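Peer 1: The structure follows.
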Amino acid sequence: MERLLTALVVIVGVPAATVAYVAAVEWLMKRISYGLASKIRPWLWLAPALLLLAFYLIYPSFNTARISFMDADSTEYVGLDN
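Each position in the sequence shown, counted from 1, maps to that position plus 675 in our numbering.
This is the structure:
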């Protein structure tokens with residue numbers, strides 16, 4: 676049952692979030708001047724991709740570097756003694 680619920684949330688939730696984001700961006704673009712909207716629009720479309728990139732690539736890289744300075748149990752920092 677739990678897997679079914681997870682699948683349902685993913686199947687319905689991801690497209691719903693995408694549609695909501697597109698609707699919110701377009702709603703915002705209609706309420707600001709054309710010149711400002713043309714400057715902001717590309718960044719609003721890049722924002723989700725950049726956030727996912729940061730979450731799945733950049734954060735794990737920094738976390739790996741941080742953990743590499745810890746002992747075998749990852750409980751305390753040992754610095755370059757590792």
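Glycine included, C-beta positions come from ideal geometry on N, C-alpha and C. Just so it is clear, the structure is predicted and the values come from calculations on it, not from any experiment.
(1) Could you give the residue range of the alpha helix (DSSP H) that holds residue 696?
(2) How big is the Cα-Cα spacing for residue 730 and residue 720?
(3) Return the chain-ordered ranges of every alpha helix (DSSP H) run that is complete within the segment 714–742 and spans a minimum of 4 residues.
(4) Determine, using beta carbons only, whether residue 742 and residue 749 come nearer to each other than 8 Å.
Peer 2: On the basis of the data shown:
(1) 677–705
(2) So the two alpha carbons sit approximately 17 Å from each other.
(3) 734–742
(4) Yes, Cβ-Cβ distance for residue 742 and residue 749 is below 8 Å.
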